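Offset between the sequence shown (1-based) and my numbering: plus 280. We treat Cβ as the ideally placed atom computed from N, Cα and C, and that holds for glycine. Quantities reported herein were computed from a predicted structural model and do not represent experimental measurements. As structure tokens, the structure follows; a few thoughts come after it.
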Amino acid sequence: MFDFRPDPATPKPEAYRQLLDAAEALTAGEPDAVANMANIAALLWDFLPDLNWSGFYRVIGDELVLGPFMGRPACIRIPMGQGVCGAAARDGRTQLVEDVHAFPGHIACDSVTNSELVVPVLRDGATVAVIDLDSPAKARFDRDDANGVEALARMLAGRI
Numbered sequence: 281m282f283d284f285r286p287d288p289a290t291p292k293p294e295a296y297r298q299l300l301d302a303a304e305a306l307t308a309g310e311p312d313a314v315a316n317m318a319n320i321a322a323l324l325w326d327f328l329p330d331l332n333w334s335g336f337y338r339v340i341g342d343e344l345v346l347g348p349f350m351g352r353p354a355c356i357r358i359p360m361g362q363g364v365c366g367a368a369a370r371d372g373r374t375q376l377v378e379d380v381h382a383f384p385g386h387i388a389c390d391s392v393t394n395s396e397l398v399v400p401v402l403r404d405g406a407t408v409a410v411i412d413l414d415s416p417a418k419a420r421f422d423r424d425d426a427n428g429v430e431a432l433a434r435m436l437a438g439r440i
């Protein structure tokens, strides 16, 4: 049984370092992308407070297709470039959104979500997936969160 949760008083940069270490331990040597995404979705869900969704969308052709996740049922397919996830995938850039209701073209898969962090997973310069984190709290995510999940995405690029 794994228990990777940091002490709640741990500063965010250190907590994300611990998360990266845990993700490394969970995925090292495992060649199955779905298994790795499933474990990381669960790790993020367990590790980060104030989430209502954590998981992956995979790039399949010209759309994003739902991958392993934790949380309520979600949109299955998202056209490339649409919504926060589609924008991150199309542009290959992190989307840090304090208020999703103010994001042009936001796709409301869960009406409880108020803020979102979406980080592309890039392999050879192309987006292969996105890591999506949703929260019911406005402005839940900050630059420390983005930096931490970007480091996770870089580590996972060859494992998913």
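query                                                                                                                                                                                 : result
For the candidate residues Pro311, Cys389, Leu376 and Asp404, whose alpha-carbon lies nearest to that of asparagine 427?                                                              : Leu376
Which two residues bound the contiguous beta strand (DSSP E) that contains arginine 357?                                                                                              : 357 to 359
According to DSSP, is glutamine 298 part of a helix, a strand, or is it coil?                                                                                                         : helix
Among the residues of its own chain, which have a CB less than 7 Å from the CB of isoleucine 387, if the five just before and after it don't count?                                   : Cys355, Ile358, Gln362 and Gly363
Taking all protein chains shown into account, decide if threonine 374 is buried (16 or more other Cβ within 10 angstroms of its Cβ) or exposed.                                       : buried
Pick from Asp379, Arg434, Ser391 and Arg420: whose alpha carbon is nearest that of aspartate 404?                                                                                     : Arg434
The alpha helix (DSSP H) spanning leucine 323 covers which residue range?                                                                                                             : 313 to 327
Identify which residue in Met350, Glu310 and Ala367 has its Cα closest to the Cα of leucine 331.                                                                                      : Met350
Using the C-alpha atoms, what's the distance from valine 339 back to valine 401?                                                                                                      : 10 Å
Can you give me the Cβ contacts of glutamate 396 inside the same chain, cut-off strictly under 6 Å, excluding the 5 residues immediately before and after it?                         : Val364, Val377, Val380 and Asp414
Please identify the residue among Phe383, Pro416, Val410 and Val408 whose C-alpha is closest to the C-alpha of asparagine 394.                                                        : Pro416
Just grab the DSSP bridge partners of serine 415 for me.                                                                                                                              : Ser395
Helix, strand or coil: which one does DSSP assign to glycine 347?                                                                                                                     : strand
Among Ala303, Asp424, Met360 and Glu430, which one has its Cα closest to the Cα of glutamate 294?                                                                                     : Asp424
Would you tell me roughly how many angstroms separate the C-alpha atoms of alanine 382 and lysine 418, rounded to the nearest one?                                                    : 11 Å
Taking all protein chains shown into account, do 16 or more other C-beta atoms lie within 10 angstroms of the C-beta of aspartate 371, making it buried, or fewer, making it exposed? : exposed
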